[in-house]
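So for the sequence shown, the numbering used here puts the first residue at 2; every next one is plus one. Note that CB positions come from ideal geometry on N, CA and C, so glycine has one too. None of the values given here were measured: they were computed from a predicted structure. In what follows, a single structure is set out as structure tokens and then discussed.
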Amino acid sequence: MSAFDLLISDCDGVIVDSEILSKRVLFEALCAYAPAARLGPLLEDTFGLTVPTIVRLVEQTFDLSIPETFDEDVRRQSEAYVAEAVEPVPGAREALLGIDMPLAVASNSRRHNVEASLARAGLTERVAGNIFSADMVVSPKPAPDVYLLAAERMGVAPARCLVVEDSPTGVRAALGAGMRVIGFTGASHIPPGHAKTLLDLGVVAVIEHMDRLQETVTRLRG
């Protein structure tokens, strides 16, 4: 018997290379409040943090106040930019099409953005509407809610779900849901040494290229 019945993939940074675009929008927006030369180094260490957390860090660092509307404004700008410019992660479509397991997507983005990204990646039919997004749960990642919702709706016990994630935030969410996780480090926003970070958190494997996903899933399924 296989060890897993369901594959769940994150979207941003796993299926589409969107995190680098979102980071660019955030940086440019924050430059209206703080000097770019100091913002750059500060943001280097914020991978996986939510925008509100980053905003609080900037406010504390530069002793300033950023309007409450900032988060929603940046989200709107980022969504528009990603929808227009995002590219699929190389090999993601082929890898996910080649794995003989039901597939769901669990994302901290909103559903309409996930749908747009999946269309860009050519994976709409493969996912077949099995999308679970931040606007469907009370608490987004790193809370386990979106992963637990995916397991519940798909009728699969969390322990029999295998997840593909790129960020510490997402890894913590999946592990908190009682799932096992493959870490992915091949997107353009990934910092040096990130594989060790994910392994230290408890992922069962790390892959740098999507062409390694299918063999890794096969090995873990037993």
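Arg-181 to Ala-35, Cα distance in whole Å?
The C-alpha of Arg-181 lies about 40 Å from the C-alpha of Ala-35.
What is the residue span of the beta strand (DSSP E) that Glu-166 lies within?
Annotation for Glu-166: the continuous beta strand (DSSP E) segment containing it runs 162-166.
What does the Cβ neighbour count give for Cys-228, buried or exposed, with the cut at 16 atoms within 10 Å?
With the chain covering only 2 through 223, there is no way to say anything about residue 228.
Could you pull out every unbroken alpha helix (DSSP H) segment of at least 4 residues lying fully inside the region 95-130, listed in chain order?
You should have 112-122, 125-128.
Between the CA atoms of Ile-55 and Asp-46 - distance to the nearest angstrom:
When rounded, the separation of the alpha-carbon atoms in Asp-46 and Ile-55 is 10 Å.
Rounded C-alpha distance that separates Leu-124 from His-113
So the alpha carbons of these two residues sit roughly 14 Å apart.
Bridge-paired residues (DSSP) for Asp-201:
Beta-bridge pairing by DSSP links Asp-201 to no other residue.
In terms of residues, what are the limits of the alpha helix (DSSP H) holding Arg-25?
Where Arg-25 is concerned, the enclosing alpha helix (DSSP H) starts and stops at 20-31.
Using the beta-carbon count (16 or more within 10 Å), is Leu-119 buried or exposed?
Leu-119 is buried by the Cβ-count criterion.
Taking the C-alpha atoms as reference points, what is the distance between Gly-187 and Thr-70?
Rounded to the nearest angstrom, the two C-alpha atoms are 33 Å apart.
In the DSSP assignment, find the beta strand (DSSP E) that holds Ile-9 and state where it starts and stops.
Residues 7-10.
For Glu-166, count neighbouring C-beta atoms within 10 Å of its own C-beta (all shown protein chains included) and say buried if the count is 16 or more, exposed if not.
The residue in question, Glu-166, is buried, as its Cβ has 16 or more Cβ neighbours within 10 Å.
According to DSSP, simplified to helix, strand and coil, what is Ala-84?
It is helical.
Would you report the Cα separation of Ser-10 and Glu-85, rounded to the nearest angstrom?
In a straight line, the C-alpha of Ser-10 is about 22 Å away from that of Glu-85.
Could you tell me whether the region 95-110 touches the region 208-220, where touching means 3 or more Cβ pairs closer than 8 Å?
Yes, the region 95-110 touches the region 208-220.
Using the rule of at least 16 other Cβ atoms within 10 Å of the residue's Cβ for burial, across every protein chain shown, is Cys-32 buried or exposed?
Exposed: under 16 other Cβ atoms inside 10 Å.
Rounded to whole angstroms, what is the Cα-Cα separation between Gly-171 and Asp-136?
Cα atoms of Gly-171 and Asp-136: separation of roughly 16 Å, rounded to the nearest angstrom.
With a threshold of 8 Å on Cβ separation, who are the neighbours of Val-207 within its own chain once the five nearest residues in sequence on each side are excluded?
Excluding the 5 residues flanking it on each side, Val-207 has same chain C-beta neighbours closer than 8 Å at Ile-183, Gly-184, Phe-185, Thr-186, Ala-196, Leu-199, Leu-200, in chain order.
Mapping DSSP to helix, strand and coil, what is Asp-46?
Of the three classes helix, strand and coil, the one that applies to Asp-46 here is coil, per DSSP.
Continuous alpha helix (DSSP H) stretch holding Gly-171: start and end:
Segment 169-177, the alpha helix (DSSP H) holding Gly-171.
If the criterion is Cβ atoms closer than 7 Å, does the pair Ala-160 and Phe-133 meet it?
Not a contact, by the Cβ cut-off of 7 Å.
Please classify Ala-105 as buried or exposed, where buried requires at least 16 other C-beta atoms within 10 Å of its C-beta.
Answer is buried; the Cβ neighbour count reaches 16.
Between the CA atoms of Thr-62 and Pro-91 - distance to the nearest angstrom:
Using only the alpha carbons, I get a separation of about 37 Å.
Residues near Val-205 in its chain [Cβ-Cβ closer than 7 Å; skip 5 each side]
Here the set comprises Arg-181, Val-182, Ile-183, Leu-221.
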